[in-house]
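A short write-up of the structure that comes next.
As structure tokens, this is what we get:
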């Protein structure tokens with residue numbers, strides 16, 4: 001459950017999106033958005049679905065933190081945002097934030113949906129229904145016993161660009177996916193996937209080296 005305060009933001013979310021996409025605010029058409037819940041109730045996690053002038057439909061995942069992300073690279077911080085209710089927020093791209101990645105993975109594997117959202121105005125909380133994407137995780141991919149191999153590695157990806165042709169009913173029922181619909185997009189779209197990839201020994205060494213560096 002996410003509370004969205006009736007607050008003044010500097011810079012605005014539209015300005016942050018324009019910064020991320022390297023374009024003008026006027027060039028961004030917002031189609032929908034969805035959120036994940038932070039179990040600790042401290043971090044806002046919001047994914048914006050937007051259309052750019054060339055017709056591309058993109059996902060921009062933003063994380064709003066009350067404190068800087070520990071051990072983050074300097075260039076991973078998009079901006080600081082002044083929130084008239086919550087104070088200073090540190091804004092990062094979603095997949096660079098381990099809390100966001102964990103929330104995405106749990107949503108997929110446990111067949112959850114996006115967070116319920118409420119507009120908070122003083123003492124009043126009103127459910128938000130307009131402008132939201134309906135997202136659903138399709139469950140964890142289960143390994144057959146013979147596939148239990150040390151050369152299998154986990155992959156988690158939120159897609160930057162979306163294919164609005166969408167998925168067939170059979171494709172949308174496959175495990176390991178986050179799928180979504182929104183007003184004007186009734187065919188389910190693949191938003192993210194979580195799964196396993198088989199890599200050979202050389203590739204596995206590269207992954208191990210990258211893990212050691214991080």
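Residue numbers (full-length UniProt numbering): 1 to 214. From the three backbone atoms N, C-alpha and C, an ideal C-beta is built for every residue, glycine too. None of these values were measured; they are calculated from a predicted model.
If you run the structure through DSSP and keep just helix, strand and coil, what is residue 19?
Taking the first residue of the chain shown as position 1, residue 19 is located at position 19. Look at residue 19 here: in three-state DSSP terms it is helix.
Can you give me the start and stop residues for the beta strand (DSSP E) that residue 3 sits inside?
Along the chain shown, read from residue 1 onward, the residue named residue 3 stands at position 3. Where residue 3 is concerned, the enclosing beta strand (DSSP E) stretches over 2–5.
Own chain partners of residue 195 with C-beta closer than 7 Å, once the 5 adjacent residues on each side are dropped:
On the chain shown, residue 195 is found 195 positions in, with the first residue counted as 1. Result list for residue 195: 141, 155 and 176, in chain order.
Going by the DSSP bridge assignment, what does residue 196 pair with across the sheet?
For the purposes of this step, residue 196 is taken as the residue at position 196 of the chain shown. DSSP, once it has assigned bridges, lists 154 as partnering residue 196.
Report buried or exposed for residue 38, applying the criterion of at least 16 other Cβ atoms within 10 angstroms of its Cβ.
The residue you call residue 38 lines up with position 38 of the chain shown. Label assigned to residue 38: buried.
Roughly how many angstroms separate the alpha carbons of residue 56 and residue 160, rounded to a whole number?
Mapped onto the chain shown, residue 56 falls at position 56. Mapped onto the chain shown, residue 160 falls at position 160. C-alpha separation (whole angstroms): 10 Å.
Cα separation between residue 77 and residue 126?
For the purposes of this step, residue 77 is taken as residue 77 along the chain shown, with counting starting at 1. For the purposes of this step, residue 126 is taken as residue 126 along the chain shown, with counting starting at 1. Residue 77 and residue 126: Cα-Cα distance of roughly 31 Å.
Supposed contact pair residue 4 and residue 99 - C-beta distance, whole angstroms, cut 8 Å:
The count along the chain shown starts at 1 and reaches residue 99 at position 99. The count along the chain shown starts at 1 and reaches residue 4 at position 4. Between residue 4 and residue 99 the Cβ distance is about 18 Å, and since that is not below 8 Å, they are no contact.
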